[in-house]
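Asks: Next up is a structure, given as structure tokens.
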Amino acid sequence: MDYCYKHVTFFACLLLLSWASLQNTVAQRRPFGETEGYMSFGIQLNAMNFKGDVYSDLSLTRPGVFLHATRKLGERVHARLSIGVGRIMGNDIKAEENSFKYARNLNFRNDLKEITLVGTYDIAGSPGRFFRRRDFTPYVLGGIGIVHHSPKGHAEATSAARWTDLQALGTEGQGRPDYDTPYSKVQVVVPLGIGLRWKLNRRWDFAIEASVRLSLTDYLDDVGGNFVDPSDLNSDLAKSFANRSFEAIGAINRTPRNVGQLREQYGSTTYTGFDGNAYENLNNLGVGDARGKKGKDIYIVTGFHFTYIIDTGLSCPQLRW
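With mature numbering (1 follows the signal peptide of the UniProt record, and there is no 0) applied, the sequence shown covers -23 to -1, 1 to 298.
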């Protein structure tokens, strides 16, 4: 999903241009007394995008809302604690029709509950009193966080279609003998990003920020291993979510799929499971074939921040970074 990288590249270019323009004024600005620390609180209105095994693009952007508290630690350094919720989503049927992902036909959505602690570093410092902070400041950020996630898949398009917890099904055999243990729904994430902040008035700031969350799991979308023997799965529901390549209708949008054409493109074979039942699958989408690629999932958080400075006159460590 190149659009994710385009977002980050766009903000990086803005950051570099802003830094260049600020260098002309940094040397002319002199501190006015000791740098004042302060607390600020705010809200973040975000757009959430996913990058992993299941296909996702801008049309699958979903919202997120976060609250944050920030403490200024020096002329350039701030510590920010954020807590919030957001959703990420993927749907293979939106991929190119001749692609592996389209044939695989998986989908998911994942409602994330996240708490992060990040440090932000202003490209140009703001010494002195809080109301003397710069009118415009580009910054970078990095930190660590915890996210609770629970990927769900949408059942095949029927009157009873619903979102189903995928982790509990063990779609890649998790929890069954000779398979991996179920993946955890609590994961560590590493936020890295850039932003542009404007002073609106004496106490209000506005910022635009883009950051990537590097997760330590390959299962934000419930996909990361191989197709397993259907007879190893513990329910018909688990079997139906594990391999969806023969579904004739897209589960979410009820988009028709030409299964006959897929058979011609890939060919098909019949597999006899350990339970003695016969299972048909497309070639390269059967038992032992890769269901997803190895590699950790990430998600992109892009949004608007509104922040109010509420507690001033605090002591501020003289950090000179």
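The beta-carbon is built from N, C-alpha and C at its ideal position, and this holds for glycine as well.
According to DSSP, Lys129 sits in a beta bridge with which residue or residues?
Replies: Within the sequence shown, the letter at position 152 stands for residue 129. Partner(s): Arg86 and Asp142.
Asks: If you measure between the beta carbons of Leu262 and Ala215, is that distance less than 7 Å?
Replies: Here residue 262 refers to the residue found at position 285 of the sequence shown. Here residue 215 refers to the residue found at position 238 of the sequence shown. Not in contact: Leu262 and Ala215 (Cβ atoms no closer than 7 Å).
Asks: Counting only runs that start and end within the segment 30 to 84, where is the beta strand (DSSP E) found for 3 or more residues in a row?
Replies: Complete beta strand (DSSP E) runs here, min 3: 39 to 49 and 54 to 68.
Asks: Rounded to the nearest angstrom, what separates Val95 and Gly119 at their Cα positions?
Replies: In the sequence shown, counting from the first residue as 1, residue 95 sits at position 118. In the sequence shown, counting from the first residue as 1, residue 119 sits at position 142. Each residue's alpha carbon lies about 5 Å from the other.
Asks: Do the segment 232 to 249 and the segment 175 to 182 touch if we need at least three Cβ pairs shorter than 8 Å?
Replies: Contact fails: fewer than three Cβ-Cβ distances are below 8 Å.
Asks: Work out the CA separation of Thr38 and Ile171 for me, nearest whole Å.
Replies: For the purposes of this step, residue 171 is taken as residue 194 along the sequence shown, with counting starting at 1. For the purposes of this step, residue 38 is taken as residue 61 along the sequence shown, with counting starting at 1. Approximately 20 Å, taken between the alpha carbons.
Asks: Would you check if the segment 125 to 135 and the segment 197 to 204 touch, i.e. whether three or more CB-CB distances between them fall below 8 Å?
Replies: The segment 197 to 204 vs the segment 125 to 135: in contact.
Asks: Quick check on this structure: which residue in Ser192, Gly19 and Thr97 has the alpha carbon closest to the alpha carbon of Thr114?
Replies: Here the question's residue 114 lines up with position 137 in the sequence shown. Thr114 has its Cα closest to that of Thr97, out of Ser192, Gly19 and Thr97.
Asks: How about the segment 39 to 53 and the segment 101 to 112: do they share at least three Cβ pairs that are nearer than 8 Å?
Replies: Touching, per the Cβ criterion.
Asks: Look up Arg190 in the DSSP assignment and give the residues it is bridged to.
Replies: The residue you call residue 190 lines up with position 213 of the sequence shown. Looking at the DSSP assignment, Arg190 forms a beta bridge with Pro168 and Tyr276.
Asks: Which stretch, first to last residue, makes up the beta strand (DSSP E) that contains Leu214?
Replies: One-based indexing of the sequence shown puts residue 214 at position 237. Careful: Leu214 lies outside any beta strand (DSSP E), inside the alpha helix (DSSP H) at Asp213 to Ala219.
Asks: With a CB to CB cut of under 8 Å and the five nearest residues on each side skipped, what residues in its chain are close to Leu44?
Replies: Stepping through the sequence shown from its first residue, residue 44 is reached at position 67. Contacts found: Phe18, Gly19, Ile20, Gln21, Ser59, Ile60 and Gly61.
Asks: Name the two residues that bound the continuous beta strand (DSSP E) containing Glu257.
Replies: Counted from its first residue, the sequence shown places residue 257 at position 280. First-last of the beta strand (DSSP E) with Glu257: Ala255 to Leu259.
Asks: Quick one: Cα of Asn260 to Cα of Arg57, how far?
Replies: Along the sequence shown, one-based indexing puts residue 260 at 283. Along the sequence shown, one-based indexing puts residue 57 at 80. Rounded to whole angstroms, Asn260 to Arg57 spans 50 Å at the Cα level.
Asks: I need the straight-line Cα distance from Thr246 to Ala255, nearest angstrom please.
Replies: Taking the sequence shown and counting its residues from 1, one reaches residue 246 at position 269. Taking the sequence shown and counting its residues from 1, one reaches residue 255 at position 278. Approximately 10 Å between the Cα atoms of the pair.
Asks: In whole angstroms, what is the alpha-carbon distance linking Val165 and Leu89?
Replies: Taking the sequence shown and counting its residues from 1, the one referred to as residue 165 is at position 188. Taking the sequence shown and counting its residues from 1, the one referred to as residue 89 is at position 112. The straight-line gap from Cα to Cα measures roughly 12 Å.
Asks: Specify, as a first and last residue, the run of the alpha helix (DSSP H) that Gln242 falls within.
Replies: Residue 242 sits at position 265 when you count from the first residue of the sequence shown. Residues Val236 to Tyr243.
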